[in-house]
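A.B. asks: Each residue of the sequence shown is one higher than the one before, starting from 2 at the first, in the working numbering.
C-beta: ideal position from N, C-alpha, C; glycine also.
One structure follows; several queries about it will come next.
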Amino acid sequence: MAPISSPGQASNFTSGLTSALACLVPLLAFVYVAGVFWTLDYANRRRMPMNKTQLPIVRRYSPFFYSFLVMTSLVMIALPSWVLLQYSLQLNYPSKRTVIALRLFLFNACWTSTTSAAFTIFMLHPIYSRHPISSIGTQSIWTLMTWSFWVAGAAVLSNAVPQLFDKTFCDNLVYCGHLQAIQIMSLVEVGALTAGLLVLIWLGWRCARDIWHSDAHGDAR
Numbered sequence: 002m003a004p005i006s007s008p009g010q011a012s013n014f015t016s017g018l019t020s021a022l023a024c025l026v027p028l029l030a031f032v033y034v035a036g037v038f039w040t041l042d043y044a045n046r047r048r049m050p051m052n053k054t055q056l057p058i059v060r061r062y063s064p065f066f067y068s069f070l071v072m073t074s075l076v077m078i079a080l081p082s083w084v085l086l087q088y089s090l091q092l093n094y095p096s097k098r099t100v101i102a103l104r105l106f107l108f109n110a111c112w113t114s115t116t117s118a119a120f121t122i123f124m125l126h127p128i129y130s131r132h133p134i135s136s137i138g139t140q141s142i143w144t145l146m147t148w149s150f151w152v153a154g155a156a157v158l159s160n161a162v163p164q165l166f167d168k169t170f171c172d173n174l175v176y177c178g179h180l181q182a183i184q185i186m187s188l189v190e191v192g193a194l195t196a197g198l199l200v201l202i203w204l205g206w207r208c209a210r211d212i213w214h215s216d217a218h219g220d221a222r
């Protein structure tokens, strides 16, 4: 997009995007919550119990984990989108690498929000919760892949703006506060995914140990 020379026109574009994002993000969150309630209502109407083969901790807490990722990712869709439009309108970005980092964050947020929403439904749905897509192995692969995306985005932005949290440097950097918020939110995503991955590894180890003990007892008989 070509830069806009008129400050008034640029301001109108900014106001329009801000309003659009302010409507879109809550709308997406509402659609997600409605989908979750529909799934729970479907399970209750069908009187189909949850998957008994999954560990209780997975059934109980994984929907909350994925819901947290959905909500934080929706925020991360809005922030880079707004900053990228400002850079596109005014061509005042600090470096090309900063733009690349923001585009990567935007992709990460879209990927995480979409797939986390799907996993929430899978874990709550009485049929799909029995499918291999809801297994600990599948969730571990997804978590590791998504964690890698967010780590890459945080690393690219840190490399592009290494003094982002230096006050003197930040005073001379356009949209520094927004970039700081984006970096902090990305670290929140990384932290949540790291915790989730550690829990999944632990659960996988418990499953493998139980299977090994079961086989050992079977051979002893």
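Please say whether L125 and V34 have beta carbons closer to each other than 9 Å?
C.D. replies: No, the pair does not count as a contact, with Cβ atoms beyond the cut-off.
A.B. asks: Among S82, T121, R46 and W39, whose alpha-carbon lies nearest the alpha-carbon of V71?
C.D. replies: Answer by Cα proximity: T121.
A.B. asks: Using DSSP with H/G/I as helix, E/B as strand and the rest coil, what is Y176?
C.D. replies: In the structure shown, Y176 sits in coil (DSSP, three-state: anything other than H, G, I, E or B).
A.B. asks: Classify F108: buried if its beta carbon has 16 or more other beta carbons within 10 angstroms, exposed otherwise.
C.D. replies: Looking at its Cβ environment, which holds fewer than 16 other Cβ atoms inside 10 Å, F108 is exposed.
A.B. asks: R131 lies in the alpha helix (DSSP H); which residues open and close that run?
C.D. replies: No alpha helix (DSSP H) holds R131; DSSP gives it neither H nor E.
A.B. asks: Identify which residue in S114, V191, L204 and L103 has its Cα closest to the Cα of C177.
C.D. replies: The shortest C-alpha separation from C177 is found at L103.
A.B. asks: Taking the alpha-carbon positions, what's the T169 to Q181 distance?
C.D. replies: Rounded to whole angstroms, T169 to Q181 spans 14 Å at the Cα level.
A.B. asks: Just checking my contact of L75 with A30 at CB under 8 Å: how many whole Å lie between their CB atoms?
C.D. replies: Their Cβ separation, rounded to whole angstroms, is 6 Å, which keeps L75 and A30 in contact under 8 Å.
A.B. asks: Three or more beta-carbon pairs under 8 Å between the region 84-93 and the region 37-46, yes or no?
C.D. replies: They do not touch, by the three-pair rule.
A.B. asks: Can the beta-carbon of G192 be found less than 9 Å from the beta-carbon of S141?
C.D. replies: The answer is no: Cβ separation not under 9 Å.
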